Every structure is written in structure tokens, then in C-alpha cells.
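Quick notes on the structure that follows.
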Amino acid sequence: MSTNDGYYIPEPSKWPIIASLTLFVTVFGAVNTIHGTSIGMPILMIGLISVLAMMYGWFSTVVAESPSYNGQVDVSFRMGMMWFILSEVMFFAAFFGALFYARVLVMPWLGGAGNNAMTHEVLWPAFEAVWPVLANPDNAKFVAPKEAMGAWGLPAINTLLLLTSSVTLTIAHHALRKGERSKLNLWMIVTLVLGVSFLVLQVMEYVHAYGEMGLTLASGIYGSTFFMLTGFHGFHVTIGGIMIAVMLVRCLKGHFTADNHFAFEAAAWYWHFVDVVWLGLFIFVYIL
Amino acid sequence: MSEDHHDHKPTGIGRWLFSTNHKDIGTMYLWFSFIMLFIGGGMAMIIRAELYQPGMQLVEPDFFNQMTTLHGLIMVFGVIMPAFVGFANWLVPMMIGAPDMALPRMNNMSFWILPFAFGTLISTLFMEGSAPNFGWTFYAPLSTTYGPASTDYFIFGVHLMGISSIMGSINVIVTILNMRAPGMTLMKMPIFVWTWLITAFLLIAVMPVLAGVVTMMLTDRNFGTSFFEASGGGDPVMFQHVFWFFGHPEVYIMILPSFGIISQIIPTFARKKLFGYSSMVYATASIAILSFIVWAHHMYTVGMPLAGELFFMLATMLIAVPTGVKVFNWTATMWKGSLTFETPMLFSVAFIILFTIGGFSGLMMSITPIDFQYHDTYFIVAHFHYVLVTGALFAIFAGAYYWLPKWTGNMYDETLGKVHFWISLVSVNVLFFPMHFLGLAGMPRRIPDYALQFTDFNQMASIGAFVFGGIQLLFLFIVIKCIRGGEKATDRVWEGAEGLEFEQLPSPAPFHSFTDAPQVK
Ligand code: HEM
Ligand SMILES: [Cu+2]
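Top to bottom, those sequences are chains A and B.
For the first sequence, the positions run 1 to 288 when the numbering used here is used.
For the second sequence, the positions run 1001 to 1521 when the numbering used here is used.
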């Protein structure tokens, strides 16, 4: 496949503008939900459903057109997906940055380090700079958790699940490349099951955190960073899981060939990315 | 496969709504930016009208704050950035010998998000409470604890803009890396393409960080998190760090494409090759890399360990080196050239001089102890308007005059262009130069009222502002006139013009630029 076998230019399409509209409806509904207006939730739901419908429609068009794509289009898709993943990495970087900044700089400062002795003395003299924070500067406003989340229970199991799922996905990919369809389907199912189990365990972890531990979004910087990092990660696992599920359905339908299966690979890259982010989380949020 | 795409354009409104054509999408970007220029400009007129005299004249202080906030946001995200994406859409495929952008449908989506995003942002003006009133930098806790309810609309508006920019820049990068004609090696690409490649990289790296910081704002405001709340163990200063980690690369996102435009125009009218092509490329890349390690020069006065102040001071000063390389190269390109001064060249020469003034005031503020005096005064307002108005915006004007004949097939009215240039040049300096003095004398920025001794310079600035704002209507007229007719442009348009778009495409360029890849030697 050279990059020079004539250009491919897609026909005009209604999907991009529909996509913009559905995104707008979704965020409009989201703000209204947050503000507690009665139309909020219904609009948000309409928005989300139409986003999903839009994606279904758009991707179906692409799948139907894909036989006419050439090698150059394939490379464009690949590059596009990689740069998209880079942008996702940077999104997580912002939250990791907040975590490091809070732990490495804000904690000692609030505790009176450097030239902050007076701040400490005047504002919250009782505050001690330890991480995880089990006593916030102002404990009346932000109720601190009773204990911190340990690493070696559920989170360790979850690490295993996610790492294994990356391996099983790779096995599935190799099977696809060798044309072993039933092996492919089997390992895709295993991957999906592992992913879903991860999410189930994470929900259990959250229930435990909110219920017994008193660890919530509102329990100070520890809870804020904990839930925003693991929450956004869980959200990305969900997206990745949907991708894997769609790929599974397409595998079952007999889509993809041994050497032409970009969508499958894109989903796999995404899944590995989610896996790597989890490793960062496990180290910096749970263990350290 | 599209076989006979000899200019069969889709017709009617569908041509624009469902477009997959880089020229049509580029046109929509450029018009969008133009409309936003007048909306944001109108807000600036309100600001300058209020500041014409000390005391409160026309608007309430809170409304004044809404105007400064929206003016800044609209100009940054709604004018400069979309205009450059418009240029990229029109020019990148033509310059690298491609038929279109690599991902034409995503291209259309990144455009059509913008009207929704800015509709959301502007509609906050009509909401209960007030529109965002905390400045375009939306520092916590002004935007968290004290922000009006409409702030949440603003947050989601920023999310939409972010999605649009990220998709737009993925498209540009992929187009440049994957769609070049055979023989068009990276080091043969026109500088404009190079600057956009690097800009797109910056965008992909920092727009997600902006999305992250507004998300933290959202949860601090609504879901009880305490990222920017010291009583919960967070820190409002952390907001500034995350914001400026995005914000400083952002200012380079707004200037690198103008460097590209100027680097295309100067050689044409000097009738010489660009001096130091490869050093231009390396300078652009170094500016981009350095831009990730200088962000806290916006925060000298907010409180940082001494080592931080020193590091960010020295790193900031380093940026002046590659910037200096560029200015030197443009000047050397003109040296002993056979110069003519058509409107694009006039704007370009003005760009070099006035952008350099902005660079120098930046250098002054990069010195930490000096910035303690200048920070949050009109001095910095002067600084960023020199780099953004006489820098980025002048480059956009220059580029528009330079390529309009290629785009429309008609020459613009040269006399009117010159009138536009000279009146803009004089009025923009009357508008912004006195702000240096106001800042040095201690007038703070973002206030609707001021002490008596600042009156004279403020009146000068306001008069300059009204003239500069008004004369842009002439630009609108010139553009429309050029689209509707005029002297026919030759294919090369300018005697000294080089590059695929001038050498291999007719004026106006066909609907799909290259249906067969040109050979580049
Ligand atoms: C030689 C290069 C430059 C240097 C050394 C420099 C330095 C600085 C410094 C130190 C500040 C902070 C001043 C303060 O808040 O006290 C600043 C502000 C600013 N600069 Fe630059 N700058 C340079 C180029 C640019 C360029 C090219 C742009 C945009 C095209 C730009 C846009 C801005 C903006 C928008 C602000 C104000 C942000 C705000 O609202 O607070 N600068 N610059
Ligand atoms: Cu900066």
C-alpha cells in the first residue's frame, strides 16, 4: 500500500454538524442539571442519547465506506488516533500535576514550612502536614475521611485485572492477525469480562469509601484528588470498555481481516493507554 | 473514489453545513473570526468609552468587568485562534501539494462547534446575575467562590472550544505529516506550514490542561472539591500554575502562525529567498519547547520560592534568543532586496517593528524585581496588545491581503488597502503606546475608574481606539469588494511569489487543490 494510489476525499456529510449540535445539547443539559432546573436532567439525557446515536451513525458510515479507503487514509486514521491519545495523556497530566503540587508544595506550606510560619500560626495552627490528609485545615467546612484508602486490597486486584486484560487483548490481536477467529472471539470476551470486573470492583470501592470511610469528593484535597483521578480513569475505562464491546460485536459479525483492522487496533491502543494511566494511579494515589 | 472532481461544488446551504472541503471550511473559520472581531471590538469600545474620563460615566463597574473578561476571551479564543485555523485550512493543503485536509469531516466538526461554544459564552450576558466578570484568566477564587452562576456555562463553553481546537490541530498535524506531495521533505516545507505543525503540537499538549483546570473549577464550585481552597488543603495559587501552564504556550499558539505568515510575505516583496530557513525552523521549535518552562513569569508577585522566581526569570529571558533570531532573519531577508511596499508588505514591516516593541516590554517584565512594579498595571496591557494586535492581528491582515487574490481570483483595492494600513498604524500606536506610560506611573489594569493624573494618556488611548476600531469597517468593505470583483489576479499574483500555491495553482484556486500530487524538486 503506497501512499500514492490516488487521493480519497470523503463526500459531504451531515454527521459533523449533528455531532456539534448533540455536544451542545449535552453540555446545556449538564449545566442545567447542576443548577437544579427542572429541564436539566431531561435535556442532559436527550443530549447523551443523541451523542451515542450520532456516534453510531457516524461510525456506521465510516465502516460502510471503509472498503474504498486507501493506504493514505489508513495512515491518517492511525496518526489521528495517536495524537488523540496524547491529548488524553495531557488531560490526566493536569490532574497528576495538581496531586503532586498539593502533596509536595501545598502540604508543607500549610504546615508552616519555608516562610509560611505566620500563615500557619494565624490561619490553622492545628494543621499538620501529612499525606494522606486525615485532618483538613478547616475540618468544619471539609470533613476529612476517617482513614486513607489502602493499596493492597481491591486496588491491587484491580491492577491485576487491568494488566491481565491488556495481555488478553494482545492475545486476541495476535489471533486476529493469524486469522484464528474463534480464538479471537474468546479472548475478546475475556478482555471485556476483565474490564467490566474492574469497573464493578471500582464501584464497590467507591461505595466503601463513601459509606464506611467517610472518604468523599468533599473531604478535602485528598478526596478531591483521589476521586477526580480515579473517577476520570474509571470513565475512560468505561469508554474503552464500550470500544472493546463494539469490537467484539464486529469480530462476531466477521468484520476485520488479518491485515486490515484499524478500528480494532485503535481500540487496543486506547485500552493500553488506560492501563498505563492506571499504573500511574496505583503508584501515586494508592501506594505512595 | 472521487474521479471527476473538476470543481463540482455542492450547492445551497448544505455546501456549508455538511462541508468536507478545506477551502469552504477555511472560509467559514475566517468569517467567524471576522464577526467575533467586531463583537469583541465593540466591547473594547465600551471599555475605552468608560475610560475616556475619570469617574464613572457609562457603565456599572460589574458590567465593566464583564466587558474586559468577554473581550479577552473572545479575542483570544474567538478571533486570533480561529483566524489562524482558517489560514491553515486554506493554505496548508495548497502549500504541501495535497487535495484537502487529511480528515475533512472532523475538520467540519471542529468548525461547527465554535458557533455553539461562543453562542454559549455570549449568552451569559443575558443571564440572571452576570456574565463572567473575573478576567480572561479566571483566577480562583474569583471564578470559584465568587463567580456568578453563569460561570458554569463559561466552563462548558471552554470545554467545547477545547474539543474544537484539539480536533483542529490533530487534523493539521496529520495533514502535514501524511499528505505532503512526493519530494516535499520536511525541510522543504514553507515556513508557514512549519509554524503550524509546531503550533498544532502545542495545542494538543496544552488544551487538555485547560480542560483539566476548568473541570477542577467546576467541581470546586459544584461538587465540594477543594483544589483551589486552602481550608480544604488545596491552594488558589495552584490554579494559576495550572492555568499558566496552558496560558503561556497559548500566547505562542497565537504568535507562531503569524511568524509563519510574515516569513512567507517578506521574501516575496524583497524578491529574495528567506534568510536562514533552517534557523527559522529551529528557532520556532525552541520557542515552543521553552514555552513549557516559563509559565510562572505571570506569577512573580503571587508568592513563589526564590529558586522558582530565579528559574522562571532566566528561562523567560532565554526565549528572547530564538525570537531575536527570527527578527534578525526577517531583517536580513530585506537587506539589499529589491523592496516594494504593497499592503501585505506594509503590514509585515510594521509587524516586525511593533512586535519587537512588544517583545522588549516582555523582556522588561521578565526581570522579576522589575515586574513587581509593572505587574497588573497598564504596562502589561500595552505589552500584550503590542504582541497580539500589532503582532498577531497585523499578521492576519497581512496574510489576508497577501492571499485574497489567490483565494478570490481578484486583486483587492490597493489604494484602500494602503489607507487601511496607514490609519491603523497611526491609531494603534496612539491607542497602545501611552499605556506604557500609564503603567509605569502605576495605573492598575481592569478598573473602570482612575486617578486624575492619568486622564491625558487615557484620552489619547481612547481616541486611538475609536479610530482603530472604526477603520476596521473599511477592511470589511475592502474584503467584500475584493470577493465581488476587481482587477483579475494573475496565477502568480505577486512578482516575487514562490511556493506551490502560486506556482502551480490558478487564481482562484480550484475547489480541490491538487487532484494529482505535484512533483516537488
Ligand atoms: C520575548 C518574548 C516575551 C516575553 C519575554 C514575555 C514576557 C511576559 C511577562 C513576564 C508577562 C507577565 C507580566 C505580568 O503579569 O506582570 C507577560 C504577559 C503577557 N504576555 Fe508576554 N512575553 C513575550 C511574548 C509574548 C507574546 C509573543 C505574546 C502573545 C502573542 C504574549 C502575550 C502575553 C499576554 C497575553 C500576557 C498577559 C496575560 C495576562 O492577562 O495577565 N507575550 N509576558
Ligand atoms: Cu507568558
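We treat Cβ as the ideally placed atom computed from N, Cα and C, and that holds for glycine.
Quick caveat: nothing in here was measured; it's all calculated off a predicted structure.
Own chain, CB closer than 8 Å to residue i, minus 5 neighbours either side, in chain order
{"i": "isoleucine 1173 of chain B", "result": "Leu1197, Ala1200, Phe1201 and Ile1204"}
{"i": "alanine 1102 of chain B", "result": "Asn1171, Val1174, Thr1175, Asn1178 and Met1179"}
Proximity to residue i [Cα-Cα], best of the options
{"i": "phenylalanine 1026 of chain B", "options": "B:Gly1308, B:Gly1247, B:Gly1147 and B:Pro1104", "result": "The residue asked about is misnamed: residue 1026 of chain B is glycine in this sequence, not phenylalanine. Taking only the C-alpha atoms, the option nearest glycine 1026 of chain B is B:Pro1104."}
{"i": "alanine 1050 of chain B", "options": "B:Tyr1252, B:Thr1316 and B:Leu1058", "result": "What sits at residue 1050 of chain B in the sequence shown is glutamate, not alanine. Checked all of B:Tyr1252, B:Thr1316 and B:Leu1058; the closest Cα to glutamate 1050 of chain B is B:Leu1058."}
{"i": "methionine 1127 of chain B", "options": "B:Pro1249, B:Gln1066, B:Ser1143 and B:Val1085", "result": "B:Gln1066"}
{"i": "phenylalanine 232 of chain A", "options": "B:Met1216, B:Pro1405 and B:Phe1397", "result": "B:Met1216"}
{"i": "alanine 30 of chain A", "options": "A:Tyr270, A:Ile43 and A:Glu180", "result": "A:Ile43"}
{"i": "glutamate 11 of chain A", "options": "A:Arg250, A:Tyr206 and A:Ser66", "result": "A:Ser66"}
{"i": "alanine 245 of chain A", "options": "A:Val190, A:Leu215 and A:Trp278", "result": "A:Val190"}
{"i": "serine 1348 of chain B", "options": "B:Phe1227, B:Pro1082, B:Trp1422 and B:Tyr1450", "result": "B:Trp1422"}
{"i": "glycine 1499 of chain B", "options": "B:Leu1073, B:Met1365, B:Ser1263 and B:Ile1163", "result": "B:Ser1263"}
{"i": "tyrosine 1252 of chain B", "options": "B:Pro1141, B:Gly1359 and B:Lys1418", "result": "B:Gly1359"}
{"i": "valine 104 of chain A", "options": "A:Gly150, A:Glu265, A:Tyr222 and A:His173", "result": "A:Tyr222"}
{"i": "leucine 199 of chain A", "options": "A:Gly234, A:Tyr270, A:Leu169 and A:Leu99", "result": "A:Gly234"}
{"i": "proline 1522 of chain B", "options": "B:Met1304, B:Thr1137 and B:Ala1088", "result": "As shown, chain B starts at 1001 and ends at 1521. That puts residue 1522 of chain B outside it, with no answer to give."}
{"i": "lysine 1418 of chain B", "options": "B:Met1238, B:Ile1463 and B:Phe1475", "result": "B:Phe1475"}
Span of the alpha helix (DSSP H), counted from its first residue to its last, around residue i
{"i": "valine 1076 of chain B", "result": "Unbroken run through valine 1076 of chain B: none, as it is neither H nor E."}
{"i": "glutamine 1373 of chain B", "result": "1368-1374"}
{"i": "glycine 1026 of chain B", "result": "1022-1050"}
{"i": "methionine 1207 of chain B", "result": "1191-1222"}
{"i": "asparagine 1158 of chain B", "result": "The residue asked about is misnamed: residue 1158 of chain B is valine in this sequence, not asparagine. Valine 1158 of chain B -> alpha helix (DSSP H) spans 1151-1178."}
{"i": "threonine 159 of chain A", "result": "154-178"}
{"i": "methionine 228 of chain A", "result": "220-252"}
{"i": "threonine 1455 of chain B", "result": "1455-1484"}
{"i": "threonine 61 of chain A", "result": "40-65"}
{"i": "valine 274 of chain A", "result": "262-281"}
{"i": "serine 1258 of chain B", "result": "1256-1270"}
{"i": "glutamine 1504 of chain B", "result": "Neither: glutamine 1504 of chain B is in no alpha helix (DSSP H) and is coded neither H nor E."}
{"i": "asparagine 185 of chain A", "result": "181-208"}
{"i": "glutamate 1250 of chain B", "result": "1236-1253"}
{"i": "proline 1518 of chain B", "result": "That residue, proline 1518 of chain B, is in no alpha helix (DSSP H); it is neither H nor E in DSSP."}
{"i": "glutamine 72 of chain A", "result": "71-100"}
{"i": "proline 1182 of chain B", "result": "No alpha helix (DSSP H) holds proline 1182 of chain B; DSSP gives it neither H nor E."}
Buried/exposed call for residue i, threshold 16 Cβ in 10 Å
{"i": "threonine 1340 of chain B", "result": "exposed"}
{"i": "phenylalanine 1394 of chain B", "result": "buried"}
{"i": "proline 1257 of chain B", "result": "buried"}
{"i": "aspartate 1456 of chain B", "result": "exposed"}
{"i": "proline 1148 of chain B", "result": "buried"}
{"i": "methionine 1184 of chain B", "result": "buried"}
{"i": "methionine 1187 of chain B", "result": "exposed"}
{"i": "glutamate 88 of chain A", "result": "buried"}
{"i": "leucine 1210 of chain B", "result": "buried"}
{"i": "serine 20 of chain A", "result": "buried"}
{"i": "arginine 1484 of chain B", "result": "exposed"}
{"i": "leucine 1310 of chain B", "result": "exposed"}
{"i": "glutamine 1240 of chain B", "result": "buried"}
{"i": "threonine 1011 of chain B", "result": "exposed"}
{"i": "asparagine 158 of chain A", "result": "buried"}
Residue i: CB within 7 Å of a non-hydrogen atom of ligand 2
{"i": "histidine 1298 of chain B", "result": "yes"}
{"i": "valine 1251 of chain B", "result": "yes"}
{"i": "valine 1294 of chain B", "result": "yes"}
{"i": "histidine 1248 of chain B", "result": "yes"}
7 Å CB neighbourhood of residue i in its chain, flanking five on each side removed
{"i": "valine 1193 of chain B", "result": "Val1092, Met1095, Ile1096 and Ile1176"}
{"i": "threonine 1333 of chain B", "result": "Ile1266, Pro1267, Ala1270, Lys1272, Leu1274 and Phe1275"}
Residue i Cβ short of 7 Å to ligand 1 heavy atom set
{"i": "tryptophan 131 of chain A", "result": "no"}
{"i": "tyrosine 1374 of chain B", "result": "yes"}
{"i": "threonine 1316 of chain B", "result": "yes"}
{"i": "serine 1338 of chain B", "result": "no"}
{"i": "threonine 1124 of chain B", "result": "no"}
{"i": "glycine 1362 of chain B", "result": "yes"}
{"i": "leucine 1388 of chain B", "result": "yes"}
{"i": "serine 1366 of chain B", "result": "yes"}
{"i": "alanine 1392 of chain B", "result": "yes"}
{"i": "alanine 1320 of chain B", "result": "yes"}
{"i": "threonine 1356 of chain B", "result": "no"}
Cβ shell of residue i (< 6 Å), same chain only, five flanking positions each side left out
{"i": "asparagine 1429 of chain B", "result": "none"}
{"i": "leucine 1121 of chain B", "result": "Gly1157"}
{"i": "tryptophan 1494 of chain B", "result": "Thr1268"}
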